[in-house]
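Numbered by the numbering used here, the letters in the first sequence go through residues 113 to 689 in order. Glycine is no exception: its CB is placed at the ideal position from the N, C-alpha and C atoms. First the structure, in the form of structure tokens, and then the observations on it.
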Amino acid sequence: MKYSKYYIPTFRENPADAEIPSQAIALRGGYIKKIATGVYDYLPLGLRVIRKVERIIREEMNKKDAVEVLMPSMVPAELWQKSGRWFKYGKELLRIKDRAGRDFCYGPTHEEVIVDLVSDDLKSYKQLPINFYQIQNKFRDEIRPRFGLMRAREFSMKDAYSFHADEQSLDLTYKGMYEAYSNIFGRCGLNHRVVSADSGAIGGNSSQEFMIVAETGEDEILYCSSCDHAANIEKASTKVTNKSDDSLEVEKVHTPDIKAIEDVASFLNVGVEKTIKVVAYKYDKEVAPEKVQTKYAMVYIRGDYEVNDVKLINRLDALGIEPASEEEIISVFKTVPGFMGFSSKASDVQIIIDDSIIGITNAVIGANEKDYHIKNANVGRDYVIDDSLVADVKTVNVGDVCLSCFKGTYKKERGIEVGHIFKLGTKYSQSMNATFLDQQGKVQPFIMGCYGIGVGRTAMAAIEQYHDDNGPLWPISIAPFEVIVLPVNGNKEEQVKLADDIYSELLAKGIDVLYDDRDERLGVKLNDADLIGAPYRVIIGKRAIEGIVELSFRNGDEKVELTVEKVKQFLVEKIKG
RNA sequence: CGGGGUAUAGCGCAGUCCGGUUAGCGCACUUGUUUUGGGAACAAGGGGCCGCAAGUUCGAAUCUUGCUACCCCGACCA
């Protein structure tokens, strides 16, 4: 490609909105252009990167016998009503009416459509297993889109859906997808980590996320210092141990206007791990099909832990939760904000006991009375614990013991979720009545798996992981161009001649080469080259007369002067060899 | 959805408090001359319904009201 024929609108200054390096670089380097919140044009350079990521994905998916299809972006509401998600999915689902007033949505994911796609023809166990995939744009009307393509509303996703007759078959395909994903991110040159994860709104029982390690990542990962266990913070769990002390006399203590758990602990001169805090929630629950009721819950948890929303939502089987207001704490929970304690007089409040308070002795907790706490509360004597209410709803703290090996402790890092694989089970085949006949001639719902990759997000994560102040340092596998050929002075005949020669030769060899034939000053061309981020750069300057050019590398200061033939040979070997 | 903020040329911004000719600056863009190994210099240009709508006024980018878009923070603990 000749630069003069191409379109790369670069900017000298960083865009004002950019919050993270990948966003700034993608906008400044002419990769993407924002058209609305969370909606972007892919400019030629950005599209090249996307296409390269897609190609790697296709190759690795095909290797695992996955079959490519393309489903529509607009999906009739009917299918979503059938699965029950038309009602459940909430405001993230972009709903649209056609001219006749029929409801559609812009697909945020395609479980319903794939089930419909196979439902007429996939009828026998003999046809199983089968795994379909597509690369299609999705639309999710995110609460807060941000970070450019990293969390866009419209985005490109590879999604795959597998169908099985039994669990063993699902396990095999799941494992195959795990391998495919490892290969994909490996080939993209990305440093990634696999973590166990919550399966979220899609449902299912087992899932893992592929995370690109990056400081600016939106997800928190906990990983073990000793074994290879790692989990999303929404999923990680630990075993909390409480030191058992001799039981002391229970007493009510005056704690004037002392509400925050740390303040209470230091006021009473006890460790925070000796306190129990009580947290009040309001949540929505679907009590009957399409019938939502607002309910209330209170969580007892050790003072040094935080409630994890996702775990609590799962435990309550809630559609969503929010903290109860002070008014509600008084009127519904029948207690006092800041001084909540055991056995409030509230009826209709779901009680959840986090297992972190099991075994706690001489605990401090609110007295359900303004300005008073209870000290030295002990189980059995001062309160009872109903085992059926015990759950794990806490967020693991750094330093907690790993639940996998019980040897190491958790450390924390941030990551960008680029891939997610799920074992869905029969959730969609059942709700949508998609069945096959097994070997005994019995009707069975399909057992399903589902596997997603954020294409644009993967590209952005690569910038996040590999960049400097001047632009991206693309891994060669997904670089928009592999080589930039750059004559210093476009008016010098010998330079142009050499540049033409190298360009056409590399092009003929199938290398992605950009020839900067613009009549620009060297500095301009070099800065744009930095923003394009091609790993190799051939600069044709003064020594062109001798047939000598300079080869430099995007990821370092190293430069070598070589003859034209040597450069061509080197690049062809490096890139095609 | 709650709170805060912004909206002036393709990009980055000043001007708005305190209304007053022709709305400015840097970058980018066009033309010319000189330059030419890391975003050149000089000169001459083109480009604006000052987010939209209504109002106040002799006069509105500037004041008032409404709307829209965009950005940030929050939606997590008493």
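Task: Buried versus exposed call for Leu-182 [16 or more other C-beta atoms within 10 Å across all chains shown] - done: Working through the first sequence from its first residue, we reach residue 182 at position 70. When all chains shown are included, Leu-182 counts as exposed.
- [ ] Can you give me the Cβ contacts of Gly-566 inside the same chain, cut-off strictly under 7 Å, excluding the 5 residues immediately before and after it?
- [x] Here the question's residue 566 lines up with position 454 in the first sequence. Excluding positions up to five away in sequence, the list reads Phe-267, Met-269, Val-530.
Task: Endpoints, beta strand (DSSP E) assigned at Lys-200 - done: Numbered from 1 along the first sequence, position 88 holds the residue referred to as residue 200. From DSSP, Lys-200 is part of no beta strand (DSSP E) but of the alpha helix (DSSP H) over 197-200.
TODO: Pair every Cβ in the stretch 329-339 with every Cβ in the stretch 409-416, then say whether three or more of these pairs are closer than 8 Å.
DONE: Look at the beta carbons and you see the stretch 329-339 not touching the stretch 409-416: under three pairs across the two are nearer than 8 Å.
TODO: Please report how far the alpha carbon of Ala-178 lies from the alpha carbon of Trp-198, in whole angstroms.
DONE: For the purposes of this step, residue 178 is identified with residue 66 of the first sequence, where counting begins at 1. For the purposes of this step, residue 198 is identified with residue 86 of the first sequence, where counting begins at 1. Using only the alpha carbons, I get a separation of about 28 Å.
Task: C-alpha distance - Gly-56 paired with Lys-364, whole-angstrom precision - done: Not covered by the structure: residue 56. The range shown for the chain is 113 to 689.
TODO: Have a look at Tyr-154 and Glu-576 and give me their C-alpha separation to the nearest angstrom.
DONE: Numbered from 1 along the first sequence, position 42 holds the residue referred to as residue 154. Numbered from 1 along the first sequence, position 464 holds the residue referred to as residue 576. Between Tyr-154 and Glu-576, the C-alpha separation is close to 18 Å.
- [ ] Assign Val-496 to buried or exposed, taking buried as 16 or more other Cβ atoms, counted over all protein chains shown, within 10 Å of its Cβ.
- [x] On the first sequence, position 384 is the one that residue 496 refers to. With a 10 Å radius around the Cβ and a threshold of 16 neighbouring Cβ atoms, Val-496 comes out exposed.
Open item on the list: With three or more beta-carbon pairs closer than 8 Å as the criterion, would you say the stretch 593-601 touches the stretch 641-648?
Closed with: yes
Task: DSSP beta-bridge partners of Leu-157 - done: On the first sequence, position 45 is the one that residue 157 refers to. According to DSSP, Leu-157 bridges with nothing at all.
Open item on the list: Which residue wins for smallest C-alpha separation from Ala-659, given the options Asn-667, Val-650, Phe-665?
Closed with: Walking along the first sequence from the start, residue 659 turns up at place 547. The identity of residue 659 in the sequence shown is Gly, whereas the question assumes Ala. Out of Asn-667, Val-650, Phe-665, the CA that lies nearest to the CA of Gly-659 is found in Val-650.
Open item on the list: Quick check on the DSSP output: the beta strand (DSSP E) that includes Gln-320 runs from which residue to which?
Closed with: On the first sequence, residue 320 is found 208 positions in, with the first residue counted as 1. Here the beta strand (DSSP E) through Gln-320 covers 318-325.
TODO: Assign Tyr-395 to one of three DSSP states: helix, strand, or coil.
DONE: Within the first sequence, the letter at position 283 stands for residue 395. DSSP places Tyr-395 in strand when its eight states are reduced to three.
Task: Cβ neighbour criterion (16 or more within 10 Å) applied to Ser-459 - done: As a working mapping, residue 459 is identified with position 347 in the first sequence. Exposed, since its Cβ has fewer than 16 Cβ neighbours within 10 Å.
Open item on the list: Using C-beta distances below 7 Å, list every residue in its chain close to Gly-288, excluding the 5 sequence neighbours before and after it, in chain order.
Closed with: Here residue 288 refers to the residue found at position 176 when the first sequence is read from its first residue. Cβ neighbours of Gly-288 beyond the five flanking positions: Lys-176.
Open item on the list: Quick check on this structure: which residue in Leu-431, Val-448, Gly-432 has the alpha carbon closest to the alpha carbon of Glu-439?
Closed with: In the first sequence, residue 439 corresponds to position 327, counting from 1. It is Val-448.
Task: Opposing strand residues paired with Gln-690 [DSSP bridges] - done: The chain is shown only over 113 to 689; residue 690 falls outside these bounds and no answer can be derived.
Task: Gln-405 (DSSP reduced to helix, strand or coil) - done: As a first step, residue 405 is located in the first sequence; it is residue number 293 there, counting from the start. Reduced to three states, the DSSP call for Gln-405 is strand.
TODO: Round the Cβ separation of Ala-479 and Val-362 to the nearest angstrom and send it over; I've been treating them as touching at under 8 Å.
DONE: For the purposes of this step, residue 479 is taken as residue 367 along the first sequence, with counting starting at 1. For the purposes of this step, residue 362 is taken as residue 250 along the first sequence, with counting starting at 1. Not quite, the Cβ-Cβ distance comes to about 11 Å (not below 8 Å), so this is no contact.
Open item on the list: On the DSSP letters alone, give me the boundaries of the alpha helix (DSSP H) that Pro-133 sits inside.
Closed with: In the first sequence, residue 133 corresponds to position 21, counting from 1. Residue range 133-140 is occupied by the alpha helix (DSSP H) that includes Pro-133.
- [ ] Rank Gly-689, Ser-543, Asn-667, Ser-664 by C-alpha distance to the C-alpha of Gly-622 and give the top, closest one.
- [x] Looking up residue 622 in the first sequence gives position 510. That would be Gly-689, whose Cα lies nearest to the Cα of Gly-622.
- [ ] Figure out for me which residue from Glu-224, Val-390, Phe-534 has the closest Cα to the Cα of Gly-450.
- [x] Against the first sequence, residue 450 aligns to sequence position 338. Here the closest residue by C-alpha is Val-390.
- [ ] Over the uninterrupted alpha helix (DSSP H) stretch that includes Arg-569, give me the two end residues.
- [x] Looking up residue 569 in the first sequence gives position 457. Arg-569 -> alpha helix (DSSP H) spans 567-577.
Task: Stretch-stretch touch, CB-based, cutoff 8 Å, three pairs: the stretch 345-357 with the stretch 503-512 - done: yes
Task: Nearest-angstrom beta carbon gap, Arg-167 and Glu-180 [assumed within contact, 8 Å] - done: Counting from one through the first sequence, the residue named residue 180 turns up at place 68. Counting from one through the first sequence, the residue named residue 167 turns up at place 55. The pair is not a contact, with the Cβ atoms about 12 Å apart (cut-off 8 Å).
Task: Member of Asn-582, Leu-284, Phe-259 whose CA lies at the smallest distance from the CA of Gln-135 - done: In the first sequence, counting from the first residue as 1, residue 135 sits at position 23. Closest option to Gln-135, Cα to Cα, is Phe-259.
- [ ] Please work out which residues of its chain come closer than 8 Å, Cβ to Cβ, to Leu-380, disregarding the five sequence neighbours upstream and downstream, and give them in chain order.
- [x] On the first sequence, position 268 is the one that residue 380 refers to. Excluding positions up to five away in sequence, the list reads Val-365, Thr-367, Val-476, His-485, Lys-487.
Open item on the list: If the criterion is Cβ atoms closer than 8 Å, does the pair Lys-680 and Glu-617 meet it?
Closed with: Along the first sequence, one-based indexing puts residue 680 at 568. Along the first sequence, one-based indexing puts residue 617 at 505. Yes. Within cutoff.
Task: Three-state secondary structure assigned by DSSP to Arg-633 - done: For this step, residue 633 is matched to residue 521 along the first sequence. Residue state, collapsed to three classes: coil.
Open item on the list: Per DSSP, what are the beta-bridge partners of Ser-65 in this structure?
Closed with: Any answer about residue 65 is impossible in this case: the structure gives the chain only from 113 up to 689.
TODO: Work out the CA separation of Val-422 and Asp-416 for me, nearest whole Å.
DONE: Along the first sequence, one-based indexing puts residue 416 at 304. Along the first sequence, one-based indexing puts residue 422 at 310. Spanning the two alpha carbons is a distance of roughly 18 Å.
Task: Given Ile-559 as reference, the closest of Tyr-143, Glu-223, Ile-162 once Cα atoms are compared - done: Translated into the one-based positions of the first sequence, residue 559 becomes position 447. If we check each option's Cα against that of Ile-559, Glu-223 comes out closest.
Task: Helix, strand or coil at Gln-552 according to DSSP, with G and I counted as helix - done: In the first sequence, residue 552 corresponds to position 440, counting from 1. Coil.
TODO: Quick one: grab the DSSP three-state call for Gly-432.
DONE: To locate residue 432, count along the first sequence from 1; it is residue 320. DSSP places Gly-432 in strand when its eight states are reduced to three.
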